[in-house]
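Undergrad:
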Amino acid sequence: MKLVHIVAPIYVNVLKEDEERSVVTETLISFQDIIQQVGPAVLRGDVARELATCLQALLTKQALCQTQDVDEETNEEGATLDEEEEAEIDALLIDAVADTISAMATVMQANFTPYFQVFFPLISKYYVRISFLFFSFLFPFLLLRRLLIYLCYFLKKSTRPVADRSMAVGCVAEIVAGMKEAVTPQADVGVFLKFSCFGGGSLLRVS
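In numbering that gives the first Met the number 0, the protein residues as written are 0 to 206.
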């Protein structure tokens with residue numbers, strides 16, 4: 000256990016300071032394994048907070064590995080990455096971020112609540128390009144079914160790529176499963192409306 004407490008801060012430091020996305024991705028995958036095998040003990044002290052800060056930066060594309068000049072990165076043959084390779088590396092990185100968040104939720108359960116409040120809006124942006132806060136505010140006033148149908152249609156036209164949406168839905172599902180009943184106070188009507196509009200239409204109930 001002492002070794003884990005030594006390794007965890009090193010991993011966090013890599014997430015903060017390494018400039019290569021592939022290295023950060025592999026570090027996240029290794030960190031997930033440690034979290035799942037060791038449990039919440041590995042996230043004690045400042046580790047959970049610092050890890051969450053790194054994940055937040057990665058979700059918002061503000062991490063060092065995402066803000067460096069992409070021309071500096073090369074593939075296995077030493078050539079500059081093309082657009083397809085860039086997109087694949089980005090997707091693998093964000094998938095690793097989502098899996099790490101899910102692992103945190105699973106082992107922390109109710110203690111993950113403050114992190115849920117930070118991560119959920121960020122994950123949601125990978126599902127839809129526009130801010131959903133506006134529509135969450137309006138929901139109590141959308142009493143007419145026709146208006147709600149128009150709203151859902153508009154949101155569908157503003158969705159992100161399928162890979163991003165799948166990541167977002169999968170991540171939220173795993174967070175909910177990990178937090179169990181502790182997630183209930185966080186689940187307002189806006190959350191269910193949003194995900195109902197995009198992939199779970201059977202969940203949407205309007206009287």
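In this text, a Cβ means the ideal position worked out from N, Cα and C, and glycines have one as well.
All values reported here derive from a predicted model rather than from experimental measurement.
Find out if the Cβ-Cβ distance for the pair C53, K15 is shorter than 7 Å.
TA: Closer than 7 Å, so yes.
Undergrad: Restricting to Cα atoms, I'd like to know which of Q108, S123 and Y126 is closest to V182.
TA: Minimum Cα distance to V182 is reached at Q108.
Undergrad: Between the alpha carbons of K124 and V3, how many angstroms are there, rounded?
TA: Between K124 and V3, the C-alpha separation is close to 33 Å.
Undergrad: Nearest CA to the CA of V46: which residue from I5, T66, L58 and Q36?
TA: Ranking I5, T66, L58 and Q36 by Cα distance to V46 puts I5 first.
Undergrad: Should D81 be labelled buried (16 or more other beta-carbon atoms within 10 Å of its own) or exposed?
TA: It is exposed - the Cβ of D81 has fewer than 16 other Cβ atoms within 10 Å.
Undergrad: Quick check on DSSP: helix, strand or coil for T99?
TA: T99: helix per DSSP, three-state reduction.
Undergrad: Using alpha carbons as the reference points, say which of V106, A90 and D17 lies closest to K179.
TA: If we check each option's Cα against that of K179, V106 comes out closest.
Undergrad: Could you compute how far the alpha carbon of G177 sits from the alpha carbon of S101?
TA: If you take the alpha carbons of G177 and S101, they lie about 7 Å apart.
Undergrad: Helix, strand or coil, according to DSSP, for F131 in the structure here?
TA: Residue placement at F131 cannot be trusted, given a pLDDT of 47 that sits under 50; what the coordinates show is reported in the next sentence. Correct three-state label for F131: coil.
Undergrad: For my contact list, Y126 and A167 are in at a C-beta cut-off of 8 Å; report their separation, rounded to the angstrom.
TA: Yes, they are in contact, since the Cβ atoms of Y126 and A167 sit about 4 Å apart, within 8 Å.
Undergrad: At the level of alpha carbons, what is the spacing between T24 and F111?
TA: C-alpha separation (whole angstroms): 22 Å.
Undergrad: Less than 7 Å between C-beta atoms, sequence neighbours within five positions excluded: which residues of the same chain meet that for E18?
TA: Excluding residues within five positions, the ones whose Cβ falls inside 7 Å are L63, C64 and Q67.
Undergrad: Apply the 10 Å Cβ neighbour rule to N12 and answer buried if 16 or more other Cβ atoms are within range, or exposed otherwise.
TA: N12 is exposed by the Cβ-count criterion.
Undergrad: Would you call the CB atoms of V41 and A86 closer than 7 Å?
TA: No, Cβ-Cβ distance for V41 and A86 is not below 7 Å.
Undergrad: Distance check for S21 and A95, CA to CA, integer angstroms please.
TA: Answer to the nearest angstrom: the Cα atoms are 10 Å apart.
Undergrad: Within a Cβ cutoff of 6 Å, which residues of the same chain sit near L50, ignoring the five residues on either side of it in sequence?
TA: Excluding residues within five positions, the ones whose Cβ falls inside 6 Å are V11.
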